[in-house]
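K.L.:
Residue numbers (mature numbering (1 follows the signal peptide of the UniProt record, and there is no 0)): -23 to -1, 1 to 253.
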């Protein structure tokens, strides 16, 4: 099976040679940035219909995460078209971040359709460099189908931890690699070099659950879900949440005097993927 991968990759490359030449000459990326929001608007609409129940289940947990202001300060990382807005509880103060400025007009439309939310601003920046956002300024970060396409998942998760307040929560929904050794994984390897160009940097074979487990959150919960579209090469999805550690038991008790020392734990908790 491994012998077939480079041969089939070469065949796909030859069939899509104009695309690769445009990428080599620097012509493809600007074009991709322009058309990609239109493609995502179609796909996320269809995906939301298929995954509505699971998304509502995941994002319903946001409601109880209010900060000192009495509202939930929420950052959507890689916000895209704003397809998740409909699932957020009323009163969230939403900051949107995406490296692609062409998503803004789609965001404006989504904002108009979801008046139950309060919109703060749209930040054009990569997830690896969120310097425009202050340390500990967010109660919640939402990241859906983003870690597949960033340059460094490790750096993005470091930035997520920086902008989250102690006890803040990252909610994630990501597609991951198929099981190694399977035919589906072989086809992901074959298609990935071309898919990265089509999908604005999307990688098909990332083991994103490892990045989440290695990011030193105090608690990580996740479960595996089947992909919503069988005809796409994206693999199974993982959904769940990761909680930012409080800096120390003493700091936590100073912030919340009613807590007793024995209630405070710093041991990470990892719940295995379900549905495997």
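In this text, a Cβ means the ideal position worked out from N, Cα and C, and glycines have one as well.
1) Judging by CA-CA distance, which residue of 153, 16 and 39 is the nearest neighbour of residue 187?
2) Measure from the alpha carbon of residue 75 to the alpha carbon of each residue in 141, 126 and 195, then state which is nearest.
3) Between the C-alpha atoms of residue 14 and residue 180, what's the straight-line distance to the nearest angstrom?
4) Between which residues of its own chain and residue 18 is the CB-CB distance below 7 Å, once the five residues before and five after are set aside?
5) Alpha helix (DSSP H) containing residue 30: first to last residue?
6) Per DSSP, residue 185 forms a beta bridge with which residues?
7) Sort 12, 137, 147 and 122 by Cα distance to residue 80 and report the nearest one.
8) Are the beta-carbon atoms of residue 118 and residue 137 separated by less than 7 Å?
9) Would DSSP call residue 168 helix, strand or coil?
10) With DSSP collapsed to three states, give me the class of residue 221.
11) Using a Cβ-Cβ cutoff of less than 7 Å, which residues in the same chain neighbour residue 231 once the five nearest sequence positions on both sides are dropped?
12) Can you give, in chain order, each stretch of the alpha helix (DSSP H) that sits fully within the segment 63 to 90 and has at least 4 residues?
13) Thinking C-alpha only, which one of 145, 171 and 16 is nearest residue -15?
14) Select from 210, 133 and 205 the residue whose C-alpha is nearest the C-alpha of residue 192.
15) By alpha-carbon positions, which one of 97, 114, 146 and 151 ends up nearest to residue 121?
P.N.:
So, to answer that:
1) With respect to the C-alpha of residue 187, the residue from 153, 16 and 39 having the closest C-alpha is 153.
2) With distances taken between CA atoms, residue 75 lies nearest to 126 out of 141, 126 and 195.
3) Distance between the alpha carbons of residue 14 and residue 180 is about 18 Å.
4) Excluding sequence positions up to five before and after residue 18, its CB lies within less than 7 Å of the CB of 58 and 83, all in the same chain and listed in chain order.
5) Boundaries of the alpha helix (DSSP H) around residue 30: 5 to 36.
6) Paired residues: none, contrary to the question.
7) For residue 80, the closest of 12, 137, 147 and 122 by C-alpha to C-alpha distance is 12.
8) Annotated as proximal: residue 118 and residue 137, with beta-carbon spacing under 7 Å.
9) DSSP places residue 168 in helix when its eight states are reduced to three.
10) Residue 221: coil per DSSP, three-state reduction.
11) The pLDDT assigned to residue 231 is 45, lower than 50, so where the model puts this residue is not dependable; a value taken from the coordinates is nonetheless given after this. Once the five neighbours on either side are set aside, residue 231 has no close Cβ partner at all.
12) With a minimum length of 4 residues, the continuous alpha helix (DSSP H) runs that stay inside the segment 63 to 90 are 81 to 90.
13) It is 171.
14) When only C-alpha atoms are compared, the closest one is 133.
15) Residue 151 is the option with its Cα nearest to residue 121.
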